[in-house]
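Student: For reference, the structure I am asking about is given below.
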Amino acid sequence: MKIYNTKRGIVIDNEGQYFLSKETNWDTFINRQGLYATVSAEIGGLTADASLADALNGEVLAPLANQEVWASGVTYFRSRTARIEESKDAGGGTFYDRVYNADRPELFFKAPAYRTVGTGADVRIRKDSKWNVPEPELTLFMCSAGTIEGYTIGNDMSSRDIEGENPLYLPQAKSYTGSAAVGPCVYVSDAPINPEAVITLEIKRGSEVAFTESIAISQMKRKHSELATWLFKELDFKYGVFLMTGTGIIPQDEFTLQVGDVVNISIEGIGTLSNTVTS
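Here the sequence shown is numbered in UniProt numbering, starting from 1 and rising by one per residue.
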């Protein structure tokens, strides 16, 4: 089941049948424990409306209202290797090896809702950076009780040269206007997402594909429940929270995003998050 935040309201796609929720407040709708069962019960009293499919063409908003977006780092071996390489001249390489193997994960604040965009909107590269990449990430939605209630796609835009210069610059490399995108929907199910679901990153430059690569979610070292537990240890989230779970896809070192590139991130079962790069 997929839940979309649209200009027409909250649209529920249940195996190709579309329903418009009677609830109009996204925060109230999404921030519920047992979300799948609750929404399943709701659509039992609604009438399917095929015309709502049109709301998914150009009318989809980011699937959040007042939720914060957080992120995880170095959860895939490929990310560990890339971070060590980019920061070795600054003496920070061993930090990433240690956090990859540590009990405590790397978690950081990515963006508030007002600084986060949805599918079809623009993401940005920093004007003071020369090495920028998207980071395609499975993103968890957890309600304020701390339980994982759904999944979406995240783009954790990153300035690799800034973080590589000094690991303490990570907030500047990761958190700036237009650095976070999530969407297109929140996928909810009565079971956890298939661990063999594949994440695919495609970067189009004009009519050409400048980069593409895929990885299975199962390649992530840490469990989703583990990341959720650590995030909620000393934090509370009134409206629930989105947590990007890290990336296992990193373009080669000579690659950097350019203005006009289109970044498409797809996850099986969820859909595609598509954003155009601006500066």
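Positions of the beta carbon are idealized from the N, C-alpha and C atoms, including for glycine.
Tell me, please, whether the stretch 199 to 206 touches the stretch 127 to 144 by the rule of three or more beta-carbon pairs shorter than 8 Å.
Tutor: Yes, the stretch 199 to 206 is in contact with the stretch 127 to 144.
Student: Only counting the same chain, and skipping five residues up and downstream in sequence, which positions put a Cβ closer than 7 Å to that of A145?
Tutor: Closer than 7 Å at Cβ, skipping near neighbours: Q33.
Student: Check this for me: beta carbons of L257 and I203, under 9 Å apart or not?
Tutor: Result yes, Cβ atoms of L257 and I203 sit closer than 9 Å.
Student: Who are the near neighbours of E23 in its chain, counting only those whose CB is closer than 7 Å to its CB and skipping five residues on each side?
Tutor: Same-chain partners within the cutoff: I10 and F29.
Student: Pick out the complete alpha helix (DSSP H) segments inside the stretch 90 to 134, 4 residues or longer, and give them in chain order.
Tutor: Here the runs fully enclosed are 93 to 101.
Student: Among the residues of its own chain, which have a CB less than 6 Å from the CB of A53, if the five just before and after it don't count?
Tutor: Excluding residues within five positions, the ones whose Cβ falls inside 6 Å are Y18.
Student: To test your reading of the DSSP string, which unbroken alpha helix (DSSP H) runs of 4 or more residues are found completely within the stretch 175 to 248?
Tutor: List check, alpha helix (DSSP H) in window: 224 to 231.
Student: Should residue 286 go down as buried or exposed, given a rule of 16 or more other Cβ atoms within 10 Å for buried?
Tutor: Because the chain spans 1 through 279 in this model, residue 286 falls outside it and cannot be assessed.
Student: Do the stretch 152 to 162 and the stretch 220 to 240 touch if we need at least three Cβ pairs shorter than 8 Å?
Tutor: The stretch 152 to 162 is not in contact with the stretch 220 to 240.
Student: Given F108, which residues of its chain have a CB within under 6 Å of its CB, disregarding the five upstream and five downstream residues?
Tutor: Contacts found: A71.
Student: Looking at C-beta atoms only, is the number of pairs between the stretch 161 to 168 and the stretch 225 to 239 that lie closer than 8 Å three or more?
Tutor: The stretch 161 to 168, when compared against the stretch 225 to 239, does not touch it at the 8 Å Cβ threshold.
Student: Ordered along the chain, which non-local residues of its own chain (more than five positions away) have a Cβ less than 8 Å from that of T47?
Tutor: Excluding residues within five positions, the ones whose Cβ falls inside 8 Å are F19.
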